[in-house]
Amino acid sequence: MTIDKNIGKKIYKLAQEIFPITRSITGDGVRKTLQIFKEICLMINIKEVPTGTKVFDWEIPKEWNIKEAYIEDEDGNRIIDFKENNLHVMGYSTSVDRYVDKEELLKYVYVEESMPDAVPYVTSYYKERYGFCMSKNMRDSLKDGRYHMYIDSTLKDGYLTYGEAIVKGKTDKEVFISTYICHPSLANDNCSGPALTLFLLKYVMNMTDRKYTYRFVFIPETIGSITYLSKNYKYLKENVIAGFNLTCVGDDRTYSFVETRYANTFTDRVLKNVLGYHYPNYKRYSYLQRGSDERQYCLDGIDIPICSVCRSKFGEYPEYHTSLDNMELVSEEGFAGSYELMIKCIITIEKNESYKMNCLCEPQLGKRGLYPTVSKKGQYDDVYKLTNIIAYADGSNDLIDISEIIGVPVWEMIENVEKLVESGLVKICGGNLIKM
Numbered sequence: 000m001t002i003d004k005n006i007g008k009k010i011y012k013l014a015q016e017i018f019p020i021t022r023s024i025t026g027d028g029v030r031k032t033l034q035i036f037k038e039i040c041l042m043i044n045i046k047e048v049p050t051g052t053k054v055f056d057w058e059i060p061k062e063w064n065i066k067e068a069y070i071e072d073e074d075g076n077r078i079i080d081f082k083e084n085n086l087h088v089m090g091y092s093t094s095v096d097r098y099v100d101k102e103e104l105l106k107y108v109y110v111e112e113s114m115p116d117a118v119p120y121v122t123s124y125y126k127e128r129y130g131f132c133m134s135k136n137m138r139d140s141l142k143d144g145r146y147h148m149y150i151d152s153t154l155k156d157g158y159l160t161y162g163e164a165i166v167k168g169k170t171d172k173e174v175f176i177s178t179y180i181c182h183p184s185l186a187n188d189n190c191s192g193p194a195l196t197l198f199l200l201k202y203v204m205n206m207t208d209r210k211y212t213y214r215f216v217f218i219p220e221t222i223g224s225i226t227y228l229s230k231n232y233k234y235l236k237e238n239v240i241a242g243f244n245l246t247c248v249g250d251d252r253t254y255s256f257v258e259t260r261y262a263n264t265f266t267d268r269v270l271k272n273v274l275g276y277h278y279p280n281y282k283r284y285s286y287l288q289r290g291s292d293e294r295q296y297c298l299d300g301i302d303i304p305i306c307s308v309c310r311s312k313f314g315e316y317p318e319y320h321t322s323l324d325n326m327e328l329v330s331e332e333g334f335a336g337s338y339e340l341m342i343k344c345i346i347t348i349e350k351n352e353s354y355k356m357n358c359l360c361e362p363q364l365g366k367r368g369l370y371p372t373v374s375k376k377g378q379y380d381d382v383y384k385l386t387n388i389i390a391y392a393d394g395s396n397d398l399i400d401i402s403e404i405i406g407v408p409v410w411e412m413i414e415n416v417e418k419l420v421e422s423g424l425v426k427i428c429g430g431n432l433i434k435m
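Be aware that the sequence shown starts at 0, since it is given in numbering that gives the first Met the number 0, and climbs by one per residue.
This is the structure we're talking about:
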């Protein structure tokens with residue numbers, strides 16, 4: 000398995016490019032971000048769904064866009080300015096142009112009490128209101144006097160925008176990779192997922208002899224996955240054999256994933272196996288600790304086998320949903336590790352089959368060029384891997400089973416397995432995708 004040594008730098012650079020863009024669940028920021036992605040990968044199709052469209056129990060909301068926002072003191076000094084930090088405005092704020100005293104102003108100000116230097120990320124998608132966000136220290140420093148609250152925004156009929164790319168394989172059975180693209184300047188909890196997903200899309204497009212079809216979606220969180228499922232869930236339910244929701248994948252503190260509802264899918268198996276070798280101290284969260292689009296994908300009646308994959312899980316790291324989730328929190332090394340993890344998952348899915356020996360008793364490996372003709376100390380590690388694979392290739396085990404039995408990652412077994420198949424010693428019995 001060969002990984003581009005500069006991949007972390009490339010993903011970081013893309014995340015850095017989209018970081019300043021003001022995104023929400025609708026609006027021009029989402030379009031601008033998706034257009035950047037489409038310029039890198041023409042295969043991405045940008046689609047729009049009109050305001051008012053019914054999607055299951057929900058409805059596409061009005062589209063929100065913002066031009067300017069600030070708070071000025073009575074001397075005309077700007078206390079906060081949207082142009083300096085787009086987190087300073089509550090997402091989906093309606094327009095306002097009011098002069099108020101400090102007591103009235105504070106009714107519209109949000110802070111994070113536990114992190115006095117951080118600006119919180121706050122939204123109000125489905126109830127019209129306006130508000131501002133600032134650090135606790137800034138709020139506490141405000142003096143008595145008159146303040147000018149100003150927001151120039153629009154909330155009107157428009158569209159929900161999302162991106163989709165489908166890379167066909169030999170079979171219609173699919174691997175589904177989803178990420179959300181709806182937060183403003185939050186590096187780990189937004190920019191990291193789409194940036195990583197785009198480079199995974201490029202990897203899959205360049206794969207040779209691709210077995211499965213791969214579906215990539217870039218959607219606004221919650222309303223986007225509900226919208227996408229409302230259009231595609233029957234097909235997805237029938238054809239998706241594994242899937243991943245990628246979020247918070249840019250830091251370098253840990254690795255984690257959120258299980259499916261009953262933790263009993265092929266995706267759960269793949270992640271437990273791959274992460275067990277990639278980063279044994281990874282954290283596993285139950286579906287009871289869900290919080291991203293795995294909520295929608297795994298619900299009863301939908302039941303698509305999708306786990307959320309993170310470095311530090313959303314809601315679990317202190318900088319989450321604050322201005323401290325910036326480009327200093329993520330790293331090239333963090334991105335490179337997440338990319339390598341997902342490539343290992345893809346390889347494991349592609350190569351996972353059940354195998355069975357074609358001969359009785361121990362085969363003669365030497366005559367097939369699979370055993371050293373000179374015997375000496377220290378040369379048998381690879382041979383032991385080979386013979387251990389043979390020992391458990393009895394038709395009841397797939398490669399993930401064998402990997403866990405013999406303690407060797409799937410990606411390190413592939414070359415040996417291919418040699419055994421080419422020599423005629425083992426045959427493929429078929430993938431064991433629903434085995435728990």
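Note that beta-carbon positions come from the ideal geometry of N, C-alpha and C, so glycine has one too.
- Per DSSP, the continuous alpha helix (DSSP H) segment holding Glu331 begins and ends at 331-350.
- Taking a C-beta distance under 8 Å as the contact criterion, Arg214 and Phe175 qualify as a contact pair.
- In the structure shown, Asn396 adopts extended strand secondary structure according to DSSP, grouped into three states.
- In terms of Cα proximity to Glu339, the closest of His147, Leu424, Val273, Tyr125 is Val273.
- In terms of Cβ geometry, Tyr149 and Cys132 do not form a close pair [threshold 8 Å].
- Per the C-alpha coordinates, the member of Thr153, Ser94, Tyr125, Asp188 positioned closest to His147 is Ser94.
- In summary, Gln295 is buried, with 16 or more beta-carbon neighbours lying within 10 Å of its beta-carbon over all protein chains present.
- In its chain, beyond the 5 residues on either side, Asp324, Leu328 have a beta carbon closer than 7 Å to the beta carbon of Glu318.
- Asn189 and Val425 have their C-alpha atoms some 45 Å from each other.
- Here the C-alpha atom of Ile301 lies approximately 6 Å from the C-alpha atom of Tyr232.
- Under the DSSP definition of a beta bridge, Asp100 partners with Arg145.
- Judged by DSSP secondary structure, Tyr234 falls within the alpha helix (DSSP H) whose first and last residues are 222-238.
- In the DSSP annotation of this structure, Asn415 is not part of any beta strand (DSSP E); the continuous alpha helix (DSSP H) holding it starts and ends at 409-422.
- Here Leu364 carries a coil assignment [DSSP, helix/strand/coil].
- For Arg268, the enclosing alpha helix (DSSP H) begins and ends at 265-277.
- Of the candidates Ile2, Val269, Tyr316, Val269 places its Cα closest to the Cα of Cys306.
- Across the set Glu237, Thr246, Tyr202, the C-alpha of Thr246 shows the shortest separation from the C-alpha of Phe217.
- Ranking Ser23, Tyr254, Arg283, Ser191 by CA distance to the CA of Glu62 puts Ser23 first.
- With contacts defined as CB atoms closer than 8 Å, Ile388 and Val420 fail to qualify as a contacting pair.
- Straight across, the Cα-Cα distance linking Glu411 with Asp116 is about 47 Å.
- With a beta-carbon spacing of about 5 Å, Met89 and Val121 fall inside the 8 Å limit used to define contacts.
- Ile225 sits buried, since 16 or more C-beta atoms from the chains shown fall within 10 Å of its C-beta.
- Minimum Cα-Cα distance from Ala164 among the listed residues Cys40, Lys350, Asp393 corresponds to Cys40.
- In the three-state reduction of the DSSP assignment, Lys46 falls in the strand class.
- Considered as a whole, the region 140-193 harbours 145-155, 158-166, 173-179 as its complete beta strand (DSSP E) runs of no fewer than 3 residues, in chain order.
- Distances from the CA of Gly223 to each of Ile20, Trp57, Val407 were compared; the closest alpha carbon is that of Trp57.
- Per the C-alpha coordinates, the member of Tyr158, Arg145, Ser402 positioned closest to Gly51 is Tyr158.
- Residue pairing for Met356: DSSP places it in a beta bridge opposite Val425.
- For Ile218, the enclosing beta strand (DSSP E) covers residues 212-218.
- Residues Asp267, Arg283, Tyr284, Ser285, Tyr286, Cys306 of the same chain have their beta carbon placed closer than 8 Å to that of Glu258, with the five preceding and five following residues left out of the count.
- The bridge partners DSSP lists for Ile70 are Ile79, Met148.
- One alpha carbon belongs to Tyr354, the other to His87, and they sit about 58 Å apart.
- Measuring C-alpha to C-alpha distances from Asp139 to each of Ile401, Leu13, Leu104 identifies Leu104 as the nearest.
- Note on geometry: alpha-carbon atoms of Ile345 and Met114 lie some 39 Å from one another.
- Straight across, the Cα-Cα distance linking Ser422 with Ala241 is about 31 Å.
- DSSP places Tyr296 in no beta strand (DSSP E) but in the uninterrupted alpha helix (DSSP H) bounded by 293-296.
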